[in-house]
Each structure stands twice: as C-alpha cells, then as structure tokens.
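Heads up, the sequence shown is in our numbering, so the first residue is 5 and it goes up one at a time. Where is the CB? At the ideal position from N, CA and C, for every residue including glycine.
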Amino acid sequence: MQLEFTFPDLDDRLVSLSDPQFRGKVVIVTLAGSWCPNCHDEAAFLAQLHRELGGQGLEVVSLMFEHFVTSRRPPRRDAPPVPRTNSASSTRR
C-alpha cells in the first residue's frame with residue numbers, strides 16, 4: 005500500500021513519502037500530538053526502535069496534530085530523530 009502526503013516539517017520544509025530519503029526503506033507513519041499521553045509512550049518506543057533499526061533502513065515520520073496554530077513545541081528528549089510534520093492545527097481550546 006502506498007500512502008502519499010505532503011506536509012511542512014517544523015522548519016516549514018515539505019516532507020513527502022516520495023522524498024529520496026525514504027526510497028527503498030520501510031517507513032512507519034505515526035499520527036501524534038504533543039497533548040496526547042499515549043503518543044509520548046509510542047514516541048519512546050519508536051525512538052528505541054529507530055536507534056536499533058534505523059541503520060538497516062527503518063524510517064519513522066510523525067504526523068503531528070496540534071491544538072494551536074502557533075504550536076512549535078520542541079520534541080521530547082525521547083522522541084525519535086525523525087521528520088515531524090505539522091499536519092493539522094486547530095484553535096479550539
């Protein structure tokens with residue numbers, strides 16, 4: 005199955021699964037939010053998995069869904085060093 009998306013990362017550069025950095029690799033796409041406690045647990049698990057298997061072709065992309073348009077929280081220390089996109093925002097409180 006080929007999932008396709010294009011979203012800006014935290015530096016406003018567009019990230020897409022068709023980017024050369026993902027070609028020929030296994031890519032885990034995760035939906036997350038900094039407000040979601042379960043997402044923090046998942047991020048810790050994926051960080052460890054990426055440390056173990058990143059050199060063998062595993063990539064992880066986090067599609068972040070944040071509550072506020074201006075949300076630019078830095079990633080947690082245990083978050084995987086992977087592209088994070090600002091996929092959707094809401095001004096709802």
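Given a cut-off of 9 Å, decide if V19 and V64 are closer than it, judged by their beta-carbon atoms. Mapped onto the sequence shown, residue 64 falls at position 60. Mapped onto the sequence shown, residue 19 falls at position 15. Contact: no.
Exercise. Taking just the CA atoms, how far does Q60 sit from E70?
Worked result: The residue you call residue 70 lines up with position 66 of the sequence shown. The residue you call residue 60 lines up with position 56 of the sequence shown. So the two alpha carbons sit approximately 31 Å from each other.
Quick check: the Cα distance between L62 and D16, rounded to an integer number of angstroms?
As a working note, residue 62 is residue 58 in the sequence shown. As a working note, residue 16 is residue 12 in the sequence shown. One C-alpha to the other measures close to 24 Å.
Is it true that the CB of A48 sits closer than 9 Å to the CB of T36? By one-based count along the sequence shown, residue 36 stands at place 32. By one-based count along the sequence shown, residue 48 stands at place 44. Checking the sequence, you will find Ala at residue 36 rather than Thr. Not closer than 9 Å, so no.
Below-9 Å beta-carbon distance, S22 vs any chain D residue: Chain labels in this structure do not include chain D; a single protein chain is all it has.
Query raised in the report: Apart from the five residues on each side of it in sequence, which residues of its chain come closer than 7 Å, Cβ to Cβ, to C43?
Result: Taking the first residue of the sequence shown as position 1, residue 43 is located at position 39. These residues qualify, in order along the chain: A36 and G37.
Relative to the C-alpha of F26, which candidate in E56, M68, F9 and C40 has its C-alpha closest? Against the sequence shown, residue 26 aligns to sequence position 22. The candidate whose alpha carbon is nearest that of F26 is F9.
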